[in-house]
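K.L.:
Before anything else, here's the structure in question.
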Amino acid sequence: MWIYLFQGAVYGLTAASQPGSFQTYLISQTLTRGWKRTLPAALAPLISDGPIILICLLLLSQVPDWLKRFLHIAGGLFILYLAYGAYKTWKNFNLSVPAVETETRQSVLKAAMMNALNPNPYIFWTLVTGPILLQGWHESPLNGIGFLAGFYLTMVACLAAIILIFGTAQKLGPKVNRMMLGVSAIALFCFGLYQLWLGLFQGGTI
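Residue numbers (our numbering): 11 to 216.
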């Protein structure tokens with residue numbers, strides 16, 4: 011089981027450290043609401059990945075093009091919606107008034123929805139981690155459980171580390187915080203356009 015636990019940890023680190031729309035969303039939420047309120051959002055993959063894994067294991071041989079196209083378009087629209095929210099926060103940012111703290115559960119659900127509409131987890135679980143999970147499970151259920159435990163423990167820890175690192179940006183002053191929030195809004199906007207472009211003009215290919 012230990013080899014599968016180790017493999018899961020390595021792939022969990024890889025998945026969390028790759029720059030993407032989900033990580034950018036966590037950063038923007040950290041800058042807006044603070045690390046304490048955003049930290050639970052690191053658990054979002056635990057909510058959204060269950061159905062993703064089941065779908066990918068059922069379609070392990072190939073992710074259908076129509077599914078990839080749909081996920082790109084839906085994910086792109088949702089990311090643009092989040093980018094607009096980050097832009098409004100940046101535009102109305104008051105240097106003398108702390109940012110309004112919204113409900114933590116709402117932030118976690120938004121993060122889980124973004125992850126569910128992101129094509130990358132589907133591709134990752136179909137082409138990379140899915141076969142390993144199936145092989146380990148066929149050998150012994152403990153191997154499969156060990157792989158999942160290593161993957162998600164490491165991934166959640168890395169996402170939490172990202173939130174904590176950018177949470178220190180608030181100590182640099184409100185002007186720096188507002189600037190970084192604006193950068194994250196632009197990054198989310200670009201990610202959203204890119205997802206729409208893939209879905210509309212690339213036939214869902216990655």
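Just so you know, even glycine gets a beta-carbon here, dropped at the ideal spot from N, CA and C. Fair warning: this is a prediction, and the values are worked out from it, not measured in the lab.
Would you check if there are 3 or more beta carbon pairs closer than 8 angstroms linking the region 36 to 46 to the region 159 to 176?
P.N.:
yes
K.L.:
Can you give me the Cβ contacts of S27 inside the same chain, cut-off strictly under 7 angstroms, excluding the 5 residues immediately before and after it?
P.N.:
As a first step, residue 27 must be located in the sequence shown, where it is residue number 17. Same-chain partners within the cutoff: C168.
K.L.:
Alpha carbons only, please: which of R188, Y162, L87 and N153 is nearest the one belonging to S31?
P.N.:
Sequence index remark: in the sequence shown, residue 31 carries index 21 (1-based). Out of R188, Y162, L87 and N153, L87 has the C-alpha closest to the C-alpha of S31.
K.L.:
May I have the straight-line CA-CA distance separating L217 from W100, to the nearest angstrom?
P.N.:
No answer is possible for residue 217: it lies beyond the span of the chain, which begins at 11 and ends at 216.
K.L.:
What's the gap between the Cα of G64 and the Cα of W12?
P.N.:
For the purposes of this step, residue 64 is taken as residue 54 along the sequence shown, with counting starting at 1. For the purposes of this step, residue 12 is taken as residue 2 along the sequence shown, with counting starting at 1. Going by the sequence as given, residue 64 is Leu instead of Gly. The straight-line gap from Cα to Cα measures roughly 24 angstroms.
K.L.:
When we look at the beta-carbon of P151 and count the other beta-carbons within 10 Å, is it buried (16 or more) or exposed?
P.N.:
By 1-based counting over the sequence shown, the position of residue 151 is 141. It counts as exposed.
K.L.:
Is it buried or exposed for F211, if we count other Cβ within 10 angstroms and need 16 for buried?
P.N.:
Along the sequence shown, one-based indexing puts residue 211 at 201. So F211 counts as exposed.
K.L.:
Where does the unbroken alpha helix (DSSP H) through V166 begin, and where does it stop?
P.N.:
Counting from 1 along the sequence shown, the entry for residue 166 is found at position 156. Start and end: P151 to G177.
K.L.:
Rounded to a whole number of angstroms, what is the C-alpha to C-alpha distance between L206 and A93?
P.N.:
Locating residue 206 in the sequence shown gives position 196, counting from the first residue. Locating residue 93 in the sequence shown gives position 83, counting from the first residue. In a straight line, the C-alpha of L206 is about 14 angstroms away from that of A93.
K.L.:
Could you tell me the boundaries of the alpha helix (DSSP H) in which G22 lies?
P.N.:
On the sequence shown, position 12 is the one that residue 22 refers to. First-last of the alpha helix (DSSP H) with G22: W12 to S27.
K.L.:
Considering just the uninterrupted stretch of the alpha helix (DSSP H) at G30, what are its terminal residues?
P.N.:
Mapped onto the sequence shown, residue 30 falls at position 20. G30 -> no alpha helix (DSSP H), and no H or E assigned at all.
K.L.:
Below 7 angstroms CB to CB, which residues in the same chain sit around A25 once its five sequence neighbours on both sides are set aside?
P.N.:
Indexing the sequence shown from 1 puts residue 25 at position 15. These residues qualify, in order along the chain: F134 and M165.
K.L.:
Starting from the C-beta of L23, find all residues in its chain whose C-beta is less than 8 angstroms away, skip the five residues before and the five after it, and write them out in chain order.
P.N.:
As a position in the sequence shown, residue 23 is number 13, starting the count at 1. Answer for L23: T164, M165 and C168, listed in chain order.
K.L.:
Would you mind working out which of P129, L68, R188 and L67 sits nearest F80, comparing C-alpha positions?
P.N.:
Along the sequence shown, one-based indexing puts residue 80 at 70. That would be P129, whose Cα lies nearest to the Cα of F80.
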